[in-house]
DNA sequence: CCGACCATCCCGCAAATGGGGGATGAACCG
DNA sequence: CGGTTCATCCCCCATTTGCGGGATGGTCGG
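Protein chains in written order, with this note's numbering: chain A, 162 to 377; chain P, 162 to 377.
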C-alpha cells in the first residue's frame with residue numbers, strides 16, 4: 162500500500178461539496194507525498210459504493226450518513242476483504258454510530274467540520290498508517306474506558322448492584338445465591354427490588370442494564 | 162484552566178532525562194502560547210507526587226512506571242479531586258496498563274520515544290483540551306472496539322439471528338412471536354437452536370450474546 | 001426511641017422457561 | 001431422486017421466574 166506511486170483511494174459521500182472537500186484534501190496530501198492523484202474514485206451513494214468494492218483500494222473515506230445504506234456496512238466489507246485503511250467521515254458524532262463504525266473496523270474517524278488544515282493533517286496521518294481520530298471521537302472512546310459510573314447515582318444499593326452484576330453475567334438465582342452465600346430467596350428479593358427500581362421485568366433486560374452499567 | 166498566564170503543571174517521572182525532555186517540551190509549548198513556565202512542578206517518585214496532590218494543577222504528565230507506585234493511581238487521584246487534564250507518559254505500551262490508565266481517567270497517553278516535534282504537538286493538543294493519544298495507543302483502543310472478531314462466522318441462521326436480536330432486547334417468547342408473525346412454539350424452537358449453537362441456557366446469556374454481536 | 005432503609009429469610013402460585021420428543025412442507029444440492 | 005437444512009407447528013414436564021404477600025434483625029439519622 163505504501164509503495165505505489167498512484168494509490169487507489171475511494172471516497173464515498175452523497176453530498177458533492179463534501180466529496181470535493183475530501184478529494185481536494187486527499188489530492189493535497191498525495192501531492193505532498195509526491196504521488197499521483199489519478200487513483201481516486203468517487204461514489205455518491207451506498208449502492209454506488211458497493212459495486213466498486215471488488216476493486217482493490219489502498220485507502221477509503223466513507224461518509225456514514227448515506228441515503229440508501231449505512232456507511233459502516235461498506236467499511237465492514239472493505240476491511241474484511243483485503244488490506245486497506247479506512248476512515249469514517251461524518252458531520253455529527255452520534256455516539257450510536259461511533260460504536261458500530263469502530264466495530265466495523267475503521268482506522269480513523271474524521272469530523273467534516275474541522276478546519277481544512279486539520280483535515281489535511283488527519284488524512285496525512287491515516288495514509289501514514291496511523292489511526293486518526295477527531296478529538297470528539299477520541300473523547301468518546303476514552304469515556305468508554307472509564308468505569309461507567311456516570312449517571313447521577315442509580316437508586317440501587319450495593320447489594321443489589323452485586324446481584325445485578327452476577328445476574329447480568331447469566332447466572333440464575335440459585336447460582337447467585339451460592340456465589341454470595343445467601344439464600345436464593347434473598348437473591349430473588351433483591352432481584353425484585355432491581356426490577357422495580359430499573360423498571361424491567363426479565364432476566365434479559367437485567368443483563369442489558371448490567372451491560373449498560375459496565376457491571377460485566 | 163485556559164485563561165491563566167502561568168498554568169500549574171505537574172511532571173512526574175523517576176528518570177531525570179525523561180523529565181527534562183518533558184519539561185522542555187512543555188516550556189516550548191507554553192512559550193508558544195505566550196505563557197509563563199514558572200508554574201511547573203516536578204516529582205521524581207510516586208510518594209513525592211502524592212504529597213503534591215493537594216496543590217491544584219491545571220495539567221499533569223505522569224509516568225506510569227515509577228519505582229514506588231503505580232502512575233495510574235496518581236492519575237485517578239488527580240482526576241477525581243478537581244478539574245485537570247492529565248496525560249500518561251510511558252516508554253512501553255504494555256496493554257495491561259493501558260486499560261488501567263484509561264480507566265483512571267487519563268486524557269492523553271504519550272509514548273516517550275516519539276520524535277520531539279510530535280511530543281510537542283501532542284502536548285499542545287492536550288493543553289488545548291483535546292485528547293492526545295500516541296498512535297500505538299489509539300490502535301490499541303480501536304482494537305478494543307472490534308467485535309472480538311473471533312470465530313469464522315457464527316452458525317446461526319438468519320431467522321435465528323432475528324430471534325436472537327429480539328430476545329436480546331428483552332422481549333419474551335410471546336412478544337417475539339407476534340413481532341415475527343409466527344407461533345410462540347416456533348420462537349422457542351429457534352431459541353433452542355440458539356441455545357445449542359451458542360452454548361448458553363438462559364435469556365440473560367442470550368442478551369449478552371446479542372450485545373456481543375451488535376444486534377441491539 | 002422511632003421511622004427508614006437495608007439485608008436477610010420464607011410461602012404460594014401462575015406463568016414463563018429450558019429441554020426432550022415428533023412432524024410437515026419447502027428449498028437446495030449433489 | 002434422496003439427503004440435508006430450514007422454518008414452521010405441536011406435546012410434555014420439571015424447573016425457574018415473576019409477583020404478591022409476610023417477617024426479623026441491623027443500622028443510621030433525626
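We treat Cβ as the ideally placed atom computed from N, Cα and C, and that holds for glycine.
Strand pairing of residue i, partner residues [DSSP]
i	result
residue 204 of chain A	A/173
residue 221 of chain P	P/171 and P/247
residue 356 of chain P	DSSP output for residue 356 of chain P lists no bridge partner at all.
residue 241 of chain P	Residue 241 of chain P is not bridged to any residue.
residue 329 of chain A	Per DSSP, none; premise fails for residue 329 of chain A.
residue 271 of chain A	A/250
residue 231 of chain P	P/226
residue 293 of chain A	A/269
C-beta atoms of residue i and residue j nearer than 8 Å
i	j	result
residue 233 of chain P	residue 205 of chain P	no
residue 222 of chain A	residue 183 of chain A	yes
residue 225 of chain A	residue 299 of chain P	no
residue 175 of chain P	residue 213 of chain P	no
residue 250 of chain A	residue 201 of chain A	no
residue 348 of chain A	residue 337 of chain A	yes
residue 351 of chain A	residue 320 of chain A	yes
residue 304 of chain A	residue 375 of chain P	no
residue 331 of chain P	residue 272 of chain A	no
residue 190 of chain P	residue 288 of chain P	yes
residue 328 of chain A	residue 371 of chain P	no
residue 302 of chain A	residue 301 of chain P	no
residue 333 of chain P	residue 238 of chain A	no
Beta-carbon contacts of residue i that lie in its chain and below 6 Å, excluding the five residues immediately before and after
i	result
residue 335 of chain A	345
residue 116 of chain P	With chain P represented from 162 up to 377, any question about residue 116 of chain P goes unanswered, as that position is not in the structure.
residue 230 of chain P	207
residue 279 of chain P	none
residue 323 of chain P	none
7 Å Cβ shell around residue i - same chain, five flanking residues per side excluded
i	result
residue 166 of chain A	196 and 197
residue 358 of chain A	316 and 317
residue 343 of chain P	none
residue 292 of chain A	268 and 269
residue 281 of chain P	186, 189 and 190
residue 339 of chain A	none
Cβ-based burial, residue i [other Cβ within 10 Å; buried from 16]
i	result
residue 216 of chain P	exposed
residue 318 of chain A	exposed
residue 208 of chain P	exposed
residue 243 of chain A	exposed
residue 283 of chain P	buried
residue 261 of chain A	buried
residue 269 of chain P	buried
residue 240 of chain A	buried
residue 177 of chain P	exposed
Expected contact under 8 Å - CB spacing of residue i and residue j to nearest Å
i	j	result
residue 267 of chain A	residue 248 of chain A	6 Å
residue 115 of chain P	residue 210 of chain P	With chain P covering only 162 through 377, there is no way to say anything about residue 115 of chain P.
residue 124 of chain P	residue 186 of chain P	Outside the shown range of chain P (162 to 377) lies residue 124 of chain P, about which nothing can therefore be said.
residue 367 of chain A	residue 325 of chain A	7 Å
Spatial neighbours of residue i in its chain, beta-carbon cut-off 8 Å, leaving aside the 5 residues before and after
i	result
residue 274 of chain P	252
residue 199 of chain A	167
residue 181 of chain A	none
residue 193 of chain P	285
residue 246 of chain P	162, 219, 220, 221, 268, 269, 287, 288 and 290
residue 188 of chain P	198 and 201
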